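**Student:** After the structure tokens below, expect a handful of questions from me.
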Amino acid sequence: MNVALFPGSFDPVTKGHESIVKKALPMFDKIIVAIGENTSKKTMFSLEDRLKWLKETFADCDNVEIDSYNCLTTDYCRQKNAKFILRGLRDTADFQYEKNISDINTMLDPEIETVFLLADKQDSSISSSFVREMIMFGKDVREFLPKSVVIPNK
Ligand code: ADP
886 MNVALFPGSF
896 DPVTKGHESI
906 VKKALPMFDK
916 IIVAIGENTS
926 KKTMFSLEDR
936 LKWLKETFAD
946 CDNVEIDSYN
956 CLTTDYCRQK
966 NAKFILRGLR
976 DTADFQYEKN
986 ISDINTMLDP
996 EIETVFLLAD
1006 KQDSSISSSF
1016 VREMIMFGKD
1026 VREFLPKSVV
1036 IPNK
């Protein structure tokens, strides 16, 4: 079975994340969308909220599993028998950042391959950090979020 892990902070999940997973669905038997908790990043939203929004986003996708993990991404892949890591690319800055992570992950486990998909044009300027900033200033962010996700004003 071809299992891919789509790891991230999803703080919060956006249309960009949703689109990457939906484009990758025909390529894998299962995609695990999982929140990595071991990063030093301070998040705006709790793990519970972020998991809830991911579950709502992919509620109609039978072969998508939602989870979180507290270890190295490659160790979590081994636990879940995932041979692929899925990542999205918006621009060259993403490429540079993602290539470094991918190189490190290959050093840690050469059997795990990172697969990159390009963001759709209409999603390429959406980022969780931009959405967070809009929320902080009380702006309506619905157009950047998956349809089923409703984020209450902070
Ligand atoms: P991280 O904290 O690991 O960077 P994110 O939640 O920000 O996690 O992003 C997870 C993955 O989704 C990354 O590969 C990122 O490049 C990708 N991504 C983020 N926003 C978009 C978007 N608008 N379109 C396509 N891919 C995206």
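Residue numbering for the sequence shown follows my numbering, beginning at 886 and increasing consecutively.
Where a beta carbon is used, it is the ideal one built from N, C-alpha and C, also for glycine.
Keep in mind it's a predicted model, so treat the numbers as computed, not measured.
Does ligand 1 have even one heavy atom less than 7 Å from the beta-carbon of Leu910?
**Tutor:** Incorrect: Leu910 has no Cβ contact closer than 7 Å to ligand 1.
**Student:** How many Å lie between Glu1028 and Leu974 at the Cα?
**Tutor:** Rounded to the nearest angstrom, the two C-alpha atoms are 20 Å apart.
**Student:** Give me the Cα-Cα distance between Arg935 and Arg1017, rounded to the nearest whole angstrom.
**Tutor:** Roughly 13 Å separates the two Cα atoms.
**Student:** From the DSSP secondary-structure annotation, give me the bridge partner or partners of Pro892.
**Tutor:** Looking at the DSSP assignment, Pro892 forms a beta bridge with Ala919.
**Student:** Could you pull the DSSP bridge partners for Ile1011 from this structure?
**Tutor:** None; Ile1011 has no bridge partner.
**Student:** Rounded to whole angstroms, what is the Cα-Cα separation between Ala889 and Glu903?
**Tutor:** Ala889 and Glu903: Cα-Cα distance of roughly 15 Å.
**Student:** Check whether the Cβ atoms of Ile951 and Leu932 lie closer than 8 Å to each other.
**Tutor:** For Ile951 and Leu932, no; Cβs fall outside 8 Å.
**Student:** Look at the Cβ atom of Arg972, then the Cβ atom of Phe1001, and state whether they are nearer than 8 Å.
**Tutor:** Yes; because the gap between Cβ atoms is below 8 Å, this pair is in contact.
**Student:** Find out if the Cβ-Cβ distance for the pair Ser1013, Ser925 is shorter than 8 Å.
**Tutor:** No, these two residues do not count as a Cβ contact at 8 Å.
**Student:** What does a CB cutoff of less than 6 Å around Met1019 pick up in its chain, not counting 5 residues either side in sequence?
**Tutor:** Correct list, in chain order: Val1026.
**Student:** Closest by CA to Gln1007, which one among Asp976, Asn923, Phe980, Asp988?
**Tutor:** It is Asp976 whose Cα lies nearest to the Cα of Gln1007.
**Student:** Within the present structure, is the beta-carbon of Phe895 separated from the nearest heavy atom of ligand 1 by less than 7 Å?
**Tutor:** Correct: Phe895 has its Cβ closer than 7 Å to ligand 1.
**Student:** From Phe1022 to Phe1015, what does the alpha carbon distance come to, in whole angstroms?
**Tutor:** Answer to the nearest angstrom: the Cα atoms are 11 Å apart.
**Student:** Does the beta-carbon of Arg963, which I'm using as the reference point, lie nearer than 7 Å to any heavy atom of ligand 1?
**Tutor:** The answer is no for Arg963.
**Student:** Using 8 Å for Cβ pairs, my map puts Pro897 next to Val1035. What's the rounded Cβ distance?
**Tutor:** With a Cβ gap of about 11 Å, Pro897 and Val1035 do not count as contacting.
**Student:** With a threshold of 7 Å, establish whether the CB of Arg975 neighbours any heavy atom of ligand 1.
**Tutor:** Yes, ligand 1 has a heavy atom inside 7 Å of this Cβ.
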